[in-house]
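Since the structure comes first, as structure tokens, the remarks are kept for the end.
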Amino acid sequence: MTNSARLQRAFFNRPTLNVARELLGTRLVHIENGQRIAGIIIEAEAYLGEKDLGCHAKAGRTPRTEPLYGAPGHAYVYFTYGMHWLFNCVTQPEGVPEAVLVRAIEPTEGLAVIAKRRGRQPKHLWTDGPAKLAQALGIKGRENKLDLTASDAEIFIEKGLEIPDSRVTTSPRVGFNTVPEPWKSKPWRFQASLQGLAIS
DNA sequence: AGCACGATTAACT
DNA sequence: GTTAATCGTGCTC
């Protein structure tokens with residue numbers, strides 16, 4: 101793969117729901133020690149700014165939420181439950197605090213490394229959750245605010261499979277038990293089925 | 001300064 | 001289905 105396959109800033113500088121939908125089928129890549137650890141994004145959720153009471157930006161501009169207010173195409177990686185890291189792509193122009201949480205990938209490269217980190221679980225549970233895929237790819241707090249579109253970035257997203265609408269389902273976002281309506285029920289979670297597709 | 005809780009996960013009954 | 005693990009963050013006092 102060449103750099104030309106990497107998604108550029110214009111991809112992220114768009115309405116967040118479009119970005120979340122179109123991230124399905126793309127490839128999330130982390131280069132560690134020159135080796136690619138990667139997988140195809142199959143689940144993502146949109147977070148739409150200060151008015152969205154499920155979005156961290158509801159707290160306004162704070163040290164934690166600062167990356168959300170930055171330029172599109174940057175990583176927002178945050179720590180939760182005292183032990184987990186979650187990876188997001190910042191969307192929309194600078195000053196608009198929106199992002200997409202990557203919730204699941206289908207592992208495709210660096211399987212030995214992923215196995216070392218996730219091998220205590222069965223294979224189908226390696227990267228089927230946001231904290232699981234961050235652990236599998238070795239993404240932690242040091243990657244927060246990283247520019248995914250920089251030519252020398254070691255975390256980036258590549259163009260991948262085209263996922264037809266017939267393979268995409270939407271549903272309410274996960275972990276929203278205490279989030280008030282209407283945000284609790286917004287169908288801003290996108291999932292892709294790769295059943296029967298040849299992936300590599 | 002203190003406190004309740006979280007965009008979760010794994011292990012357990 | 002239930003719950004412990006574990007700590008940074010933002011809110012209240």
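Quick note: the first sequence, position 28, residue 128 per the working numbering, numbers continuous. Beta carbons are placed, not taken as given, at the ideal position from N, Cα and C, and that holds for glycine.
(request) Rounded to whole angstroms, what's the CA-CA distance from residue 201 to residue 192? Just pull it up for me. (result) If I take the Cα positions, the gap works out to 14 Å.
(request) With a cut-off of 8 Å on the beta carbons, I'd call residue 190 and residue 112 a contact; round off their distance for me. (result) Taking 8 Å as the upper bound for CB-CB distance, residue 190 and residue 112 are in contact here, some 7 Å apart.
(request) For the segment 215 to 291, list the alpha helix (DSSP H) runs that are entirely contained and at least 4 residues long, ordered along the chain. (result) As far as the segment 215 to 291 is concerned, its whole alpha helix (DSSP H) runs of at least 4 residues are 230 to 237.
(message) Suppose you measure from the CA of residue 275 to the CA of residue 154; what does that come to, to the nearest Å?
(response) As the crow flies, the alpha-carbon of residue 275 is around 9 Å from that of residue 154.
(request) Could you spell out where the beta strand (DSSP E) holding residue 105 opens and where it closes? (result) First-last for residue 105: undefined, no H or E at that position.
(request) Helix, strand or coil for residue 190, going by three-state DSSP, please let me know. (result) The answer is strand: DSSP assigns residue 190 an E or B state.
(message) Between which residues of its own chain and residue 218 is the CB-CB distance below 8 Å, once the five residues before and five after are set aside?
(response) Correct list, in chain order: 225, 226, 227, 232, 235, 236.
(request) Can you check DSSP and say which residues form a bridge with residue 207? (result) Paired residue(s): 139.
(message) Using only CA atoms, which one of 264, 282, 119, 131 lies nearest to residue 173?
(response) Out of 264, 282, 119, 131, the CA that lies nearest to the CA of residue 173 is found in 119.
(message) Which residue marks the beginning of the beta strand (DSSP E) containing residue 128, and which one marks its end?
(response) Here the beta strand (DSSP E) through residue 128 covers 127 to 132.
(request) Write down the C-beta distance between residue 181 and residue 199 rounded to the nearest angstrom, noting that I regard them as a contact closer than 8 Å. (result) Contact between residue 181 and residue 199 fails: their C-beta atoms lie close to 19 Å from each other, not under 8 Å.
(message) What does the Cβ neighbour count give for residue 297, buried or exposed, with the cut at 16 atoms within 10 Å?
(response) Exposed is the call here.
(message) By the three-class DSSP mapping on this structure, what secondary structure does residue 294 have?
(response) For residue 294, the three-state secondary structure derived from DSSP is coil.
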